[in-house]
Amino acid sequence: MAEVTKRYAVVTGANKGVGFEICKQLAQNGIMVVLTARDEKRGLEALESLKRSGLSDYLVFHQLDITDPESIASLADFVKKQFGKLDILVNNAGILGVTFLFTPGTEVNSSDIQSKMTDGNYELAEECLKINYYGAKRTAEALIPLLQLSDLPRIVNLASSVVMLEGTGEKLKGVLTGVTTEEKLNDLIAEYLKDFKEGLHGSKGWPTFTSAYTVSKVALIAYTRILANKYPDFCINSVCPGYAKTDINLNTGIITAEEGAVTPVKLALLPKGGPSGLFFVKADISSSKESSSLLSRQYQWQKYAVVTGANKGIGLEICKQMASKGTMVVLTARDEKRGLEAVDKLKDLGLSDNVVFHQLDVADPASVASLVDFIKTQFGKLDILVNNAGIGGVKSDLEALRAAGFGKPGAQPNWGSLLTQSPELSKQCLQTNYYGAKRMCESLIHLLQLSKSPRIVNVSSSMGKLKNVSNEWAKAVLSDAENLTEDKVDEIMSQYMKDFKEGSLQEKGWPAFMSAYILSKAAMNAYTRILAKKYPNFIINCVCPGFVKTDINFNSGILSVEEGAESPVRLALLPNNGPSGLFFVRKEESEF
Numbered sequence: 022m023a024e025v026t027k028r029y030a031v032v033t034g035a036n037k038g039v040g041f042e043i044c045k046q047l048a049q050n051g052i053m054v055v056l057t058a059r060d061e062k063r064g065l066e067a068l069e070s071l072k073r074s075g076l077s078d079y080l081v082f083h084q085l086d087i088t089d090p091e092s093i094a095s096l097a098d099f100v101k102k103q104f105g106k107l108d109i110l111v112n113n114a115g116i117l118g119v120t121f122l123f124t125p126g127t128e129v130n131s132s133d134i135q136s137k138m139t140d141g142n143y144e145l146a147e148e149c150l151k152i153n154y155y156g157a158k159r160t161a162e163a164l165i166p167l168l169q170l171s172d173l174p175r176i177v178n179l180a181s182s183v184v185m186l187e188g189t190g191e192k193l194k195g196v197l198t199g200v201t202t203e204e205k206l207n208d209l210i211a212e213y214l215k216d217f218k219e220g221l222h223g224s225k226g227w228p229t230f231t232s233a234y235t236v237s238k239v240a241l242i243a244y245t246r247i248l249a250n251k252y253p254d255f256c257i258n259s260v261c262p263g264y265a266k267t268d269i270n271l272n273t274g275i276i277t278a279e280e281g282a283v284t285p286v287k288l289a290l291l292p293k294g295g296p297s298g299l300f301f302v303k304a305d306i307s308s309s310k311e312s313s314s315l316l317s318r319q320y321q322w323q324k325y326a327v328v329t330g331a332n333k334g335i336g337l338e339i340c341k342q343m344a345s346k347g348t349m350v351v352l353t354a355r356d357e358k359r360g361l362e363a364v365d366k367l368k369d370l371g372l373s374d375n376v377v378f379h380q381l382d383v384a385d386p387a388s389v390a391s392l393v394d395f396i397k398t399q400f401g402k403l404d405i406l407v408n409n410a411g412i413g414g415v416k417s418d419l420e421a422l423r424a425a426g427f428g429k430p431g432a433q434p435n436w437g438s439l440l441t442q443s444p445e446l447s448k449q450c451l452q453t454n455y456y457g458a459k460r461m462c463e464s465l466i467h468l469l470q471l472s473k474s475p476r477i478v479n480v481s482s483s484m485g486k487l488k489n490v491s492n493e494w495a496k497a498v499l500s501d502a503e504n505l506t507e508d509k510v511d512e513i514m515s516q517y518m519k520d521f522k523e524g525s526l527q528e529k530g531w532p533a534f535m536s537a538y539i540l541s542k543a544a545m546n547a548y549t550r551i552l553a554k555k556y557p558n559f560i561i562n563c564v565c566p567g568f569v570k571t572d573i574n575f576n577s578g579i580l581s582v583e584e585g586a587e588s589p590v591r592l593a594l595l596p597n598n599g600p601s602g603l604f605f606v607r608k609e610e611s612e613f
């Protein structure tokens, strides 16, 4: 019977290099490690070496050839009988799939490798894929039943940053995010091997440098995502350990095997609720604050975005345009039914791989926390937050609006008599438009900090310009950008609500028409400036999308939602040297 508190790990290809160091570091963390190797003699020698380091109670050897189903079955049977479960699988075994043209004994440096390497051998290419991809896949499949018995099942697939390089070939573009089934992956590899065998892999758009190795690692990363979706209770990630000195690169790496093992071990020991389905590049272990989070150096091809109030109008169109550009978008809405219907609309447009729904009420802290937990678990980071959710803060009489000719050319309705505001409606407006957006930013900042290009876009309105804030004290405070603070903005909101409840809005000089909406947007604009100053590595802007036909203005706008979404999307996808802390009216920068 396995001890309840003990954890068990299998590491493949572990008789030397990074695999050996992973075993050592896991054992030092109190994990019982099964060190595996194809060559029994070398595996036992590696085991003895680690036992001499005082780790004999935490290590055992088992022979394993990951290309041999019987060998894998033997290992699975051993783990089942000895431990009754498995907690961690580290798929480390791999080969480069090339031939080096060096005379034995020749001193080698990294600049020599490419010129002295040939990868035109079909048998080597086939073997590379059998080990690096199919071997890891076969091992995972065989051990998943034992991993399902763990409270904290973890799979770590060792990949390579070679997949990030330019020149990986047109054929591999989109594989990491676009291939969503094992069948498609298998078809892709079969196509690659056919083209390779016929000598056509270069002309057919496949990589030509470490060709099979690159294809195998791209496939392994894609498989990691597929497996993570299939087993949502697992933490399954892939990782490039860094360019470590190992036999695979003739010891020309720039970090030690010990350093290379650090990030795979961190992923193997992720706490409950850790990220899954991601690809990491070795954490910068010299960076104390950021590297402690591990995620500081993660690399992902896909950007992840959250859009609030996105089941219709501009929000829905923002989701559509960003998903069309390859961003993975979390479409959120307060009403779950309407949100799911909106996602279905986007899926009908062929965007199913880039859109997912999560219920969200920005005025409810528990709802916001649930979304944050979802993003952390599913993606591990966030790149873009678009605060679009908003309400008008008024009550309308639709019949009276129609009778007044609302929406007809030349009509000039008496808004004061057609739209009514109350303290309750105003409070809801502030809670959604300002405090809801603020709550979203505060809750998601730590995930945005894990992005290489964090963006926040606050969808505002020209009605929130300072010229429309008629209370002179409030206008003066909001105009003083240098001394603006969140507390000062909150004080304005509190004073406004106090005056409203006391019936002194007009006396105190607050806006007479849609006052809560105007102030909520003015507050959002001010908060944008504060936040941009607080996080100089972010790009944070607010934008008026224009007078767009939406429910908030009873579809009386002059722009389509497609036109309205263009500016928020442009700001969400700004390059790293883009402007921050500004207010835009559509595409043009404007004064606050």
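The sequence shown begins at 22 in the working numbering and counts up by one. Yeah, the Cβ is synthetic: ideal placement off N, Cα and C, and Gly gets one too.
Exercise for the section: Output the boundary residues of the alpha helix (DSSP H) element that contains Gln380. Expected result: For the purposes of this step, residue 380 is taken as the residue at position 359 of the sequence shown. That residue, Gln380, is in no alpha helix (DSSP H); its beta strand (DSSP E) goes 376 to 380.
Exercise for the section: Go through its chain and collect everything with a Cβ distance to Asp86's Cβ below 7 Å, but skip five positions before and after it. Expected result: The sequence position of residue 86 within the sequence shown is 65, counting from 1. Answer for Asp86: Arg59, Ser92, listed in chain order.
Problem - Beta-carbon contacts of Ile152 that lie in its chain and below 7 Å, excluding the five residues immediately before and after - result: Here residue 152 corresponds to residue number 131 of the sequence shown, with the count starting at 1. A distance below 7 Å between beta-carbons, with the five flanking residues on each side excluded, links Ile152 to the following residues of its chain, in chain order: Ile87, Thr88, Ala114, Gly115, Ile116.
Handout entry: CA-to-CA distance, Glu463 to Ser171, given in whole angstroms
Key = Stepping through the sequence shown from its first residue, residue 171 is reached at position 150. Stepping through the sequence shown from its first residue, residue 463 is reached at position 442. Linking Ser171 to Glu463 through their CA atoms gives a straight-line distance of about 34 Å.
Practice task
Pick helix, strand or coil for Ala35, following the three-state DSSP scheme.
Solution key: For the purposes of this step, residue 35 is identified with residue 14 of the sequence shown, where counting begins at 1. In this structure, Ala35 counts as coil in the three-state DSSP scheme.
Problem - Endpoints, alpha helix (DSSP H) assigned at Arg641 - result: Because the chain in this structure spans residues 22 to 613, residue 641 falls outside the shown range and cannot be described.
Problem - Secondary structure of Phe559, DSSP reduced to three states - result: As a position in the sequence shown, residue 559 is number 538, starting the count at 1. Here Phe559 sits in coil by DSSP.
Exercise for the section: Check the DSSP bridge columns for Lys416 and list the partner residues they point to. Expected result: Counting from 1 along the sequence shown, the entry for residue 416 is found at position 395. Partner(s): Thr441.
Exercise for the section: Just the C-alpha distance for Met22 and Arg73, rounded to the nearest angstrom, thanks. Expected result: The residue you call residue 22 lines up with position 1 of the sequence shown. The residue you call residue 73 lines up with position 52 of the sequence shown. Any reading at Met22 must be qualified, since the residue scores a pLDDT of 40, below 50, and its modelled position is unreliable; no value is offered.
Problem - Unbroken stretches of the alpha helix (DSSP H), 4 residues or longer, contained in the segment 208 to 266 - result: Whole alpha helix (DSSP H) segments, 4+ residues: 232 to 251.
Exercise for the section: Pick out whichever of Glu587, Phe604, Thr571 has its Cα sitting closest to the Cα of Ala553. Expected result: Translated into positions along the sequence shown, residue 553 becomes position 532. Restricting attention to Glu587, Phe604, Thr571, the CA atom closest to the CA of Ala553 is found in Phe604.
Practice task
Output the residue ranges of the beta strand (DSSP E) runs that lie fully inside the segment 465 to 523 and measure 3 residues or longer, sorted by chain position.
Solution key: Counting whole runs of 3 or more residues, the segment 465 to 523 contains the beta strand (DSSP E) stretches 476 to 480.
Handout entry: Residue interval of the alpha helix (DSSP H) (run including Val582)
Key = Along the sequence shown, read from residue 1 onward, the residue named residue 582 stands at position 561. Val582 -> alpha helix (DSSP H) spans 582 to 593.
Practice task
Kindly identify the DSSP beta-bridge partner or partners of Cys565.
Solution key: On the sequence shown, residue 565 is found 544 positions in, with the first residue counted as 1. According to DSSP, which records beta bridges pairwise, Cys565 is partnered with Val606.
Problem - DSSP bridge partner residues for Asn546 (one or two, in chain order) - result: As a first step, residue 546 must be located in the sequence shown, where it is residue number 525. Note: Asn546 sits in no beta bridge, so no partner.
Exercise for the section: Evaluate Pro253 with the Cβ neighbour count: other Cβ atoms within 10 Å of its Cβ, from every protein chain shown; 16 or more gives buried, anything less gives exposed. Expected result: As a working note, residue 253 is residue 232 in the sequence shown. Pro253 should be labelled exposed.
Exercise for the section: Count the other CB atoms, across all protein chains shown, that sit within 10 Å of the CB of Gly524; report buried if there are 16 or more and exposed otherwise. Expected result: Counted from its first residue, the sequence shown places residue 524 at position 503. It counts as exposed.
Handout entry: Cβ-based burial, Phe82 [other Cβ within 10 Å; buried from 16]
Key = Start at 1 with the first residue of the sequence shown, and residue 82 comes out as number 61. By the 10 Å Cβ count, Phe82 comes out buried.
Problem - Straight-line Cα distance separating Gly64 from Gln169 - result: Your numbering for residue 169 matches position 148 in the sequence shown. Your numbering for residue 64 matches position 43 in the sequence shown. Cα to Cα, Gln169 sits roughly 27 Å from Gly64.
Practice task
Excluding the 5 residues preceding and the 5 following Val39 in the sequence, name in chain order all residues of the same chain whose CB lies nearer than 8 Å to its CB.
Solution key: Reading the sequence shown from its first residue, position 18 is the one you call residue 39. Closer than 8 Å at the Cβ level, and outside the excluded window around Val39, lie Asn113, Leu179, Pro262, Ala265, Thr267, Ala278, Gly281, Ala282, Pro285.
Problem - Bounding residues of the beta strand (DSSP E) (the contiguous stretch that carries Ala326) - result: Locating residue 326 in the sequence shown gives position 305, where the first residue counts as 1. Boundaries of the beta strand (DSSP E) harbouring Ala326: 325 to 328, taken from the DSSP string.
Problem - First through last residue of the beta strand (DSSP E) which encompasses Glu58 - result: The residue labelled residue 58 in the question sits at position 37 within the sequence shown. According to the sequence as given, residue 58 is Ala; it is not Glu. Ala58 -> beta strand (DSSP E) spans 53 to 58.
Handout entry: Candidates Arg175, Leu381, Arg359, of which the one nearest Lys287 by Cα
Key = Here residue 287 is taken as the residue at index 266 of the sequence shown, counted from 1. Nearest to Lys287 by alpha-carbon distance, out of Arg175, Leu381, Arg359, is Arg175.
Handout entry: Residue environment, Phe104, which counts as buried when at least 16 other CB atoms sit within 10 Å
Key = Within the sequence shown, residue 104 is the residue found at index 83, counting from 1. Counting every other CB atom within 10 Å of its CB across the protein chains shown gives Phe104 a total of 16 or more, marking it as buried.
Problem - Ile335 and Pro566 closer than 8 Å at C-beta - result: Within the sequence shown, the letter at position 314 stands for residue 335. Within the sequence shown, the letter at position 545 stands for residue 566. Yes, these two residues count as a Cβ contact at 8 Å.
Handout entry: Val383 in three-state terms, based on DSSP
Key = As a working note, residue 383 is residue 362 in the sequence shown. Residue state, collapsed to three classes: coil.
Practice task
Just tell me which of Glu144, Glu204, Gly413, Pro596 has its CA closest to the CA of Lys158.
Solution key: By 1-based counting over the sequence shown, the position of residue 158 is 137. Lys158 has its Cα closest to that of Glu204, out of Glu144, Glu204, Gly413, Pro596.
Problem - Own chain, CB closer than 6 Å to Pro532, minus 5 neighbours either side, in chain order - result: For the purposes of this step, residue 532 is taken as residue 511 along the sequence shown, with counting starting at 1. Cβ within range, chain order: Ser491, Ile539.
Problem - Inter-residue Cα distance where the pair is Ile579 and Thr571 - result: For the purposes of this step, residue 579 is identified with residue 558 of the sequence shown, where counting begins at 1. For the purposes of this step, residue 571 is identified with residue 550 of the sequence shown, where counting begins at 1. Whole-angstrom Cα-Cα distance: 10 Å.
Handout entry: Residue nearest to Glu612 in terms of C-alpha spacing, selected from Asn546, Phe300, Glu338
Key = To locate residue 612, count along the sequence shown from 1; it is residue 591. Of the residues Asn546, Phe300, Glu338, the one whose Cα lies closest to the Cα of Glu612 is Asn546.
Exercise for the section: My understanding is that Val582 touches Val569, with C-beta atoms under 8 Å, so please give their C-beta distance in whole angstroms. Expected result: Against the sequence shown, residue 582 aligns to sequence position 561. Against the sequence shown, residue 569 aligns to sequence position 548. Val582 to Val569, Cβ: 6 Å. Contact.
Practice task
Tell me Ile339's beta-bridge partners as DSSP assigns them.
Solution key: One-based indexing of the sequence shown puts residue 339 at position 318. According to DSSP, which records beta bridges pairwise, Ile339 is partnered with nothing at all.
Exercise for the section: Identify whether Gln46 lies in helix, strand or coil by the three-state DSSP scheme. Expected result: Reading the sequence shown from its first residue, position 25 is the one you call residue 46. DSSP places Gln46 in the helix class (H, G or I) of the three-state scheme.
Problem - Nearest-angstrom Cα separation, counted from Phe301 out to Ser317 - result: Counting from one through the sequence shown, the residue named residue 317 turns up at place 296. Counting from one through the sequence shown, the residue named residue 301 turns up at place 280. Confidence is the limiting factor: at Ser317 the pLDDT is only 33, short of 50, which leaves the residue's position unreliable and the question unanswerable from this model.
Exercise for the section: Check Arg175 in the structure and name its three-state DSSP category. Expected result: Numbered from its first residue, the sequence shown carries residue 175 at position 154. In this structure, Arg175 counts as strand in the three-state DSSP scheme.
Exercise for the section: Count the other C-beta atoms from every protein chain shown that fall within 10 angstroms of the C-beta of Pro228, then say buried if there are 16 or more, exposed otherwise. Expected result: As a position in the sequence shown, residue 228 is number 207, starting the count at 1. It is buried - the Cβ of Pro228 has at least 16 other Cβ atoms within 10 Å.
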